[in-house]
Each structure stands twice: as structure tokens, then as C-alpha cells.
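Chains as they are written, first to last, in this note's numbering: chain U, 58 to 542; chain W, 1204 to 1646.
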């Protein structure tokens, strides 16, 4: 009988191996899929048990916090946003049933105190329960408030303000705003509002024709490639025939042979159209891509909530190999679309002597004991233009504010460099389909000689020009930030 | 001889450490301050184990030294897990542990010559069947979740299947010891399949019938599977005919198939097993939550006391029957795949020691009894762990020595006592081969 007993034991061992196999499958191999099952409420319920860390503004203002509800076994935490709709963008929301978005989603691991499995074992042995870390942002509450209230007066749109030397995002405002505290009650209603789209972060998801603000990119490409120097003159007639359609200056004004300063100051379309044609696809697209076009901006927000800027085609964004109307791309038309974040990055790169820093909303992570565990380490994304070309471009942009199309951006006692933009957007559904609707822009930085802040401001659905609605927003936000320094 | 007992004593030390550490971990979770109560619990447990050890040293000096520490390990582990769920339940369980040890000692005391069991084998078989039937008897029977598993006699409630498994293994071991020769010799080959002789087919049909009966009347797929598997294991060891096992399995599958499609309760269990997502909030809730709890455990688990058992703020179960059926899922959740593998490994080691006893045993009855007891124990662990991991349909049997439940712990300590009795004799004979071994006539 002994032989059979040994075989029987082997069989029992096999059965136990099957058990280990099944356990491994559920606990490890299939675990991720199981956690995402609709019927599985466990991950959500567990998340409620963790006190999620706070999100703070640069000055310590609490933007998001968790409050305890119930006691004992019923204890759970719920998210509160004491500043209401002021930081709905870019902070987003985090609720058990409605899920999470934007900054809350991107920084989830830090906020819930997620650790590697090994260090969590150590915590268990020491009897620590999981606790969330605070995340301090670069956001400037006074400037954020200025930006949002200006926008609410001007119309739907967005403002992004970046510190050029570090990439720190000090303002990101989007109108129509929403109050994240309302999300548990009216998420569906917010989603259904396809005209105002309050849940859309227009700063990163608003794709608008950049209009004349794009001339900064065209000029950068010209200077960097040495296609032009500040002294080069190009004859700028009132109208330029391009691909069978006339390209006109405002009021069809003819300028004759002028250099970059005059062309940018007066936003001369025919001048920049010709520069675009001289540059050719390769040079213009190369510069655009170095400024961040044609890729997702490297900001700390979820990829699917940050859109790429560029010339849109049927199957996605066009590249240097695609045939485009270069003269119109050069002045920010054709099918060129850019987000306010992207245009703020353009301004920031010029401001930072040609170096584009990665824009980041977060500044540091602080653990429950008050120790800083991680700190933003500013890093360079690219260098689209040389310091020299940036200085030349800055001079031209100063002319825009001091004597050109952007005089409303001027701040007394501070040199401002910038560029206006007004793109015609007739038939825009969001604006009610009117024929005279414009997308008004202003991008720029201040102080021009030692830039502290670079800003892009844009307003949809306006009959006015960039200098009328966008430049004042730039001025207010820039002043607020410079005064706060 | 005392070397075996010394090894047992040494093996108990890590058990006591584990228990103390476990209680300490639960305390640390619950009250943030480390209470010396955990040390007291650990000390109590160790004292009881040492007392049992001393008793074994006196009565069964040659018995296997590892079985008792392994079982103590499972019990200690179970106590900690149950304590973590509810300290009231843990107190009950601790009392049953002590009661189990009393019955353990009584069994060793009065069944030293356990072959007397052979003489009463039909009585024992009848008692075993009667126990199985009891839950259907009016007045004392109890229905739990559609299955008839419990009996309530005044203040005393118990699950008779836990005890009848021992009775039935005793009967089968005795019956097969006597008839194994004829079963082997009388077998004929029909159409290339070796069939048992017709004359001896009857009693086997009875066992099959009993299993089917359990399926229909007790509606307990788990116990039915456990009993029949133990029977097939014994039949195989006794006759060495694998074909008998194949025939038996075929019969069980056909029968189970038939009844699974006719008896609603059994049918539901199988349907849920095949597709639990059809009713995630209803009949599929338990198995799905069991798997979800495991998914949350990962490799190392969330740590003692970290799992959610009820939905916070309510009394609604997030992991139904966490202290009994799904305790394994709770272990996976809190201790991860590694912790669960440790538990399975302990069961495997117990099986190994049990079969080792069967290998060493001198006479046929001892061999078959040790085999049967070990098999039924191991298969019980397989049936419930397989159930909560969706390897097989989920049925309500307990995880031996870990699950909350008096009947289970007491019955399994009686089972352990029998194994140690067989072991003590086998190892004594191995040391003094000249004496009683010949007189008894070894195999």
C-alpha cells in the first residue's frame, strides 16, 4: 500500500499547488483587472479610509483638504475645496464615486501616500497606517483671483502665467469655472453643459487659433536660422497674393520695406507671411516643435487633459512633410490651433533667454510630519532660440507694448514685452455662431529686461481685439504677481 | 524517545512567538498603544500548548513530533485572525480550543487500543450516517444559506458533518482492510476496464449513495465532495486499482451533474461558480467579494487588521462570512500571496506528516485509518480554499483549525488524536521490531 500512499500524497500536493496557482492569479496576475471591475467597490471604500493629503497654494492657502465623516468603523474622508471655483482648474476634484481629474489625479500617489510594497511592509511592522502627503503648488492666490475675475468679466477664456526661469506655473485660470465641491451632486449636469463646458480646462484643452501671437514663433525661427537679422528689411505691401487668396494687412495698410521691429510692432501680416515662405516647412516646424508644438506639454496634469498644439490635419497634427500654406501658418492662421498653455510656454522661452523650462504646477511634497520629501527641480525642456536671438526678439516685443498694437499691456515703471493676437472665428458654436466673433490674445512677459513672469491670456467670443480684452488681463495679472514679489 | 518530544517542544516556541506577535500587531492597529494583554494571551496559549506537550510526553512518547506544533500554529494563526475580526468570537474560539484539547486528551486516554474501533465499525458507520441526517430532522435541524448543515440540541449547536467524517473514515478503513484482498483478486476486466467484483460492489454503492444523499437532502456539495474524495483515496490505497478511482469519479460526476441540475441550491452554487458576474449584488456577491479581497492583497498583503470586512458606516458585509468560509480570502488580503502560501504550506506539511504515519504504520487498519484521516483533512482544506479562490464551486465547509467554529476545531482535534495514537504505536514498533510487531502481524 505504501506506493499508493506516496502517490496519494503527490496528488494532494498537486491539489495544493492548484490552490497556490489560483491565489496567485487573483492576488497578483489578475489583480489590476479585478480592481477595475464595476462590481468591485473595495478600492473606492479603501481610498475613503485614507486621509488624502492637502493641496496648498504657494502661500499656504488650503486649496483642497480631506475631512473626516463618521467615527469608528464608519470613519471615512471626504474631499473639500475651501476656495470653491477659484482652483476648479487646474486642481480638479477627487471623489469616491465620481473619480478624479487634473492635478488631483496626476498627483494621486503622493496625495494618498502610496509607497513601494517593501516600504509599506516596514510601515505595517511599525504599526503606521497609510497617510497622505501634502502637495504645495506654485499657484499664486492673488494672481489666480485676478485672472479669474478678469476673465469672468471679459468672457470665456483662459490665463496661464509661468515663471520663466523655473517653469513654475503661478496662474492657471479657465472660465467657465466650476466649483469642485458641487461635483458629487451635479457631475452629470456639468458634463451635459456642452456650450459653457465648465469641466474643460481651457488653459490646457482649449485649442484656439493663436492669430498674430504666433508671429513671435515665426520671428524666432527667422532670427535663429539667420534667415533674417533685426536689420533685414522685407517689402510689406497692403495685400499679398498667396495660393490664390489675398493675404491682407489690417485696413490693407501698405508699409514698404521694413525690419522686424516695425513689422512686429504693427503686426504686419504680409511681412510675416513672406518670412514664413522664406523659412520653408522644415525651419518653421523645427522651431515650433522646440517651443513645444506637436507634443503634449510636459506639465504635471494627466496626458488626456492636456492637448497638443499644432496645425491640425485629418489624421492628427501635420508635420514638416505635409503641404501647408506657410504664409498663413506664419501669422497664426490656416488650421493652426494652440492652447493658452502652449502660448505661455512660447512667451516663457523668449523671456528665459531662449530656454524653455518644463512648466510645473507642483512645488514640493510635504509628509505628515512636515518634512519636505520631494522638491521641484526645474529642468529644461528645450532651447528653441539662442540668448542673442531672444534678446533681439524681446526688443521687438517691447515695441509692441510701448508704441504698437499692445499698448494696453503697459505697466507704469516696468518694461513689458508682448504680442497681441486677434483671430477671426466666425460661426463658433460656443459663441452662438455669430459672424464677428474673434479670439483675442495677448502673450508677453515682464519686466522685459529681467523677466519674472510670462503670461498668455485669451478670450473667446469677443468682437474686440487682443489689445482691448486680453492685454488688460495680462497687465492686471502681471501687476499682481510683480507687486507680490 | 524523548528526543521526539524535545523536538516538539522546540517547535512550539516559534508558534508562541507568532501568536504573540500577531496579537501585538492587532493591538497596535486598534488601540495605537501596545497593551501587555497580547503578551498574556501569548503566555496562556503557550502554557496550554506546553501542558498538552507534557501530556503527550507521558502518554505518547513516540508519536510524531511535528503534527501538534503544526496544528498549534494553525490554531494560533486562526485565533489571531478571528480576534482581528471580533474579540468576542476569538474568546469563543479559545474556549473551543480548550474543549478540543480536552477531547484530544480523552481520545488518547481511552482509545489507546484504537483497533477496538474495528469491532464497532457498523455501529460507527450508522452513527456517522445518522449524524449526517440529523440536520434534516424536524426540531433539531437547521438550515443555513439553503444547506442543512447544523443541529441544535437545546443550548448546544454543532455541525455534525465535522464529526461524521471521522466516523465514516473509521468505517471505510476497517471495511477496506478486510475486503481489499477480494476487491483486488475478484476484479475482472470488462471491455479493457478493471471492475470490482459485483459482490463487493454493494458497499461501495452505499458510499456513493450516501454522497448523493448528502447532495440532495443536506444540499451540501462541499461535504459530499470531501467524503467521496476521501473514500476514493482510501479505495485507491487499499486496492492499488486506479481504474476503481476513475469509475468512482465518473459515478460522482454523473450523479452530481444530475442533481446539480435538479436540486436548486446545488444548481445555483454551480451556476455562480461558472459566472459570478451575472448577479454581483445577489448570489454572486460572496465569491466576487472573496476574489476582490484577494486582488487587494497583492504579494505582501495590507497587513494585520487592515482589511475592510464591513462597508464602513454600516453593518453590511463587504466580505461575507469572513470568520468562516472566506477566512482564507481575508488572509490573502492582509498577508498577501506569501502569507497564504505559508498557510497552504502548513497544510501540506500536516498532510506529509499524516501520510508518513501511514507509511510507518505496521498493520493494514492503522495504515488505512491514517491515510483516510489525513486525506479527509487535506481535502477539506482544498474544498474550502478551492471554493473561495473559484477553483471549484464555493461551499460552506470550514478551514480546519483556522475558521471560527466549535465543531470543526473539536472534531479536528479528535482526528489529530487518532493520528498521534497510530503514530506512537508505529514508531514504537519501528524501534522495537521484535516484540509486538510480529504478534500483530504487519503488512
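For every residue, glycine included, the Cβ atom is placed at its ideal position computed from N, Cα and C.
Being a predicted model, the structure only gives us computed values, none of them experimental.
Note that the stretch 1532-1546 of chain W touches the stretch 68-86 of chain U; at least 3 beta-carbon pairs, one per stretch, sit closer than 8 Å.
Residues of chain U whose Cβ lies closer than 7 Å to the Cβ of residue 1514/W are, in chain order, 102.
In the displayed model, residue 1608/W falls within coil according to three-state DSSP, outside both helix and strand. With contacts defined as CB atoms closer than 8 Å, residue 403/U and residue 273/U qualify as a contacting pair. At least 8 Å separates the CB of residue 350/U from every CB of chain W.
When CB distances to chain U are screened at a threshold of 7 Å, the residues of the stretch 1529-1561 of chain W falling below it are 1535, 1539, 1540, 1543, 1544, 1547, 1550, 1551, 1554, 1555, 1558, 1561, in chain order. Counting along the chain, residue 304/U sits inside the beta strand (DSSP E) bounded by residues 302-305.
At the C-beta level, residue 211/U and residue 219/U stay beyond 8 Å of one another.
Across the structure, residue 1493/W and residue 1486/W are spaced so that their CA atoms are roughly 13 Å apart.
Taken atom to atom, the span from the alpha-carbon of residue 148/U to that of residue 114/U is near 10 Å.
Minimum Cα-Cα distance from residue 142/U among the listed residues 132/U, 231/U, 249/U, 131/U corresponds to 231/U.
Each residue's CA atom was taken as its position, placing residue 223/U and residue 416/U some 8 Å apart. The C-beta of residue 1280/W comes no closer than 8 Å to any C-beta of chain U. Residue 1415/W and residue 247/U have their C-alpha atoms roughly 60 Å apart. Taking the CA atoms as reference points, residue 525/U sits about 53 Å from residue 127/U. One thing to note: residue 523/U has its Cβ within 8 Å of the Cβ of residue 497/U. Residue 229/U has a beta carbon lying at 8 Å or more from every beta carbon in chain W. Annotation: the continuous beta strand (DSSP E) that includes residue 230/U extends over 226-232.
If you check each beta-carbon in the stretch 80-99 of chain U against every beta-carbon of chain W, the ones closer than 9 Å belong to 80, 81, 82, 83, 84, 85, 87, 88, 89, 90, 91, 92, 94, 95, 96, 97, 98, 99. The beta-carbon of residue 1301/W is placed no less than 8 Å from the nearest beta-carbon of chain U. Partner residues in a beta bridge of residue 509/U, as assigned by DSSP, do not exist. Note that the stretch 451-460 of chain U does not touch the stretch 512-522 of chain U; fewer than 3 beta-carbon pairs, one per stretch, sit closer than 8 Å. For a Cβ distance threshold of 9 Å, residue set 1551, 1554, 1555 of chain W lies close to residue 70/U, ordered along the chain. Contact between the stretch 1419-1429 of chain W and the stretch 1574-1589 of chain W is present: 3 or more CB-CB pairs across the two stretches fall below 8 Å. Its Cα nearest to that of residue 438/U, the residue 346/U stands out among 228/U, 346/U, 295/U.
Among the CB atoms of chain U, one or more fall inside 8 Å of the CB of residue 1497/W. Membership of residue 1598/W in any beta strand (DSSP E) is not indicated, and neither H nor E is assigned to it by DSSP. Relative to the Cα of residue 1469/W, the nearest Cα in the group 1457/W, 1249/W, 1596/W, 1264/W belongs to 1596/W. Close CB contacts of residue 170/U within its chain, under the 6 Å cut and outside five residues either way in sequence, are with 187, 188, 189, 190 (chain order). For residue 367/U, the uninterrupted beta strand (DSSP E) run begins and ends at 367-370, by DSSP. Contact between residue 1552/W and residue 1618/W is absent: CB atoms are separated by about 16 Å, not below the 8 Å threshold.
Residue 288/U and residue 344/U have their alpha carbons spaced roughly 21 Å apart.
In chain order, 1318, 1321, 1376, 1377, 1380 place their CB closer than 7 Å to the CB of residue 1568/W, counting only its own chain and leaving out the 5 sequence neighbours on each side.
Taking 8 Å as the threshold, the shortest C-beta distance from residue 1491/W to chain U falls below it.
In the displayed model, residue 245/U falls within a helix according to three-state DSSP. The way I'd put it, the stretch 1273-1284 of chain W does touch the stretch 1598-1607 of chain W; three or more beta-carbon pairs between them come closer than 8 Å.
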